[in-house]
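Going line by line, the protein sequences match chains A and B.
Each residue of the first sequence is one higher than the one before, starting from 1 at the first, in the working numbering.
Each residue of the second sequence is one higher than the one before, starting from 1001 at the first, in the working numbering.
There are 2 protein chains.
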Amino acid sequence: MIIPGDPQPRLSRAAAGRLSLYLRRLELLERNGTVQVSSLALGDALCIPDTQVRKDLAAMGNRLGHPGVGYDVPELITAIRSRMGIDREWRAALVGVGNLARALLRYDGFSSRGFRVVCLFDSDPAKVGKTVEGLSIHSLAQTKPVIRSMNAELGIIAVPGSSAQMVADVLIDAGVKGILNFAPGLIRVPLGVNVVNVDLTIQLEQLAFMVHVGD
Amino acid sequence: MIIPGDPQPRLSRAAAGRLSLYLRRLELLERNGTVQVSSLALGDALCIPDTQVRKDLAAMGNRLGHPGVGYDVPELITAIRSRMGIDREWRAALVGVGNLARALLRYDGFSSRGFRVVCLFDSDPAKVGKTVEGLSIHSLAQTKPVIRSMNAELGIIAVPGSSAQMVADVLIDAGVKGILNFAPGLIRVPLGVNVVNVDLTIQLEQLAFMVHVGD
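Next comes the structure, spelled out in structure tokens:
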């Protein structure tokens, strides 16, 4: 049962990461017609101890568990989406229209969860004006007016590392509050702007390291 | 100075992640002709405190710092690559030849760091036999003989979530020891096989959460 006005303790990034994993699992259960789930079953599928599951869900500040029954799947999905701020549409601008961008635009997981790419930008004059997945490609000079008119709050950087910082500066100047950065290397942003880096080389290096040490 | 035979304390995954970041930064410095770097300068560019930098580099078990001078950039690059097990070629099999796979195959960051995709697989008969970036696409039935003959140790899963577990099982059966999984949802693997999940939806959800709470 979700009680509006319950205190909401601050959520750590690690806890938010686990909530994403629970959500993914719960959505699968819902598609399969499951309406109740125990903390043990939910954690087991994710290799997370049930004590941690109960702690995470209790920390959401809602009385979600039903003793002897478990959690109501649709109720828990709604609660997690609300807690994470993903119970609404998030509009994103994407810069750099290459293969990665095309893969992201066709990735069902984004749109089905309310993430909508609403405008595309590229520095290549040969691409500007073309249409990809129903969106026309604008020049970088157009970021500010286009991003503002489309109300894009997030930016996705899919350009080479050498131009990532410049693109980030342009996106921030246009008003985006969060950046998903696929370019290698870190980008610097002012306070109040958030960045999640997806450096694929680092992920592959981590994997090699784990295999190397037999982790 | 790297002294062979120095004890190598166990490295945590978090520390290995930071080593990847140092390496990325050091490679940039080297390209720019910088030969010495202080822990302060190295950490500052990555928003990591210099005390943490010195601790991480000391924990590699090598006497790498030179008092009053800092670290020798090429020496440190060599030491980190050796410590992480990425001072050699890693051969990978890639399953699911869509836009994401094409983006990965064209991603310079992989090959320049010794990660080489050596074989491609797809379940779509229309794709089997075709060539992408110089590699021919094999059917899933061919995974075992092809992966073994190509000595691929790593597998990259770029298929929809619904077939990810099946593909993982096939790759593991063929002998891969590490999997980079781009499919949404978790996959189960036996002990001795490592997985790094790159769930783009989770990354975007985390970003939305950070913007939502004003982190």
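Glycine residues also receive a C-beta, built at the ideal position from the N, C-alpha and C atoms.
Asked                                                                                                                                                          : Found
What number of angstroms, rounded off, separates the C-alpha of B:Gly-1065 from the C-alpha of B:Asp-1072?                                                     : 8 Å
Along chain D, in chain order, which residues have C-beta atoms closer than 8 Å to that of A:Lys-177?                                                          : Absent from the structure: chain D. Protein chains present are A and B.
Quick one: what does DSSP say B:Thr-1034 is sitting in, helix, strand or coil?                                                                                 : coil
State yes or no: is the C-beta of B:Phe-1121 within less than 9 Å of the C-beta of B:Val-1146?                                                                 : yes
Does DSSP put A:Ala-93 in a helix, in a strand, or in coil?                                                                                                    : strand
Going by C-alpha to C-alpha distance, which of B:Ala-1103, B:Val-1097, B:Leu-1019 and B:Ile-1080 sits closest to A:Gly-98?                                     : B:Ala-1103
What is the DSSP secondary structure of A:Val-198, counted as helix, strand or coil?                                                                           : coil
Along the beta strand (DSSP E) that carries A:Ile-156, what are the first and last residues, could you check?                                                  : 154-157
Of all the CB atoms in chain B, is at least one closer than 9 Å to the CB of A:Ser-163?                                                                        : no
So with Cβ pairs under 9 Å, would you call A:Asn-151 a contact of chain B?                                                                                     : no
Does the Cβ of B:Ser-1149 have 16 or more other Cβ atoms within 10 Å, making it buried, or fewer, making it exposed?                                           : exposed
Straight-line CA distance for B:Ser-1162 to B:Ala-1183?                                                                                                        : 8 Å
Could you pull out every residue in the same chain whose Cβ sits closer than 8 Å to the Cβ of A:Glu-30, ignoring the five residues on either side in sequence? : Val-73, Pro-74 and Ile-77
For A:Val-220, name the three-state secondary structure that DSSP assigns.                                                                                     : Nothing in the structure corresponds to residue 220 of chain A, since chain A is present only between 1 and 215.
Considering only DSSP beta bridges, list what B:His-1066 is partnered with.                                                                                    : B:Gly-1070
Does DSSP put A:Val-211 in a helix, in a strand, or in coil?                                                                                                   : helix
Could you give the residue range of the beta strand (DSSP E) that holds A:Gly-178?                                                                             : 178-181
Determine whether the Cβ of A:Ser-136 lies closer than 9 Å to any Cβ atom of chain B.                                                                          : no
Could you give the distance in angstroms between the alpha-carbon of A:Leu-200 and the alpha-carbon of B:Val-1198?                                             : 8 Å
For B:Gly-1191 and B:Leu-1040, I'd like the C-alpha separation in whole angstroms.                                                                             : Per the sequence shown, residue 1191 of chain B should be read as Leu rather than Gly. About 39 Å.
If we count Cβ pairs, one from each stretch, closer than 8 Å, do we get three or more for the segment 87-98 of chain A versus the segment 167-183 of chain A?  : yes
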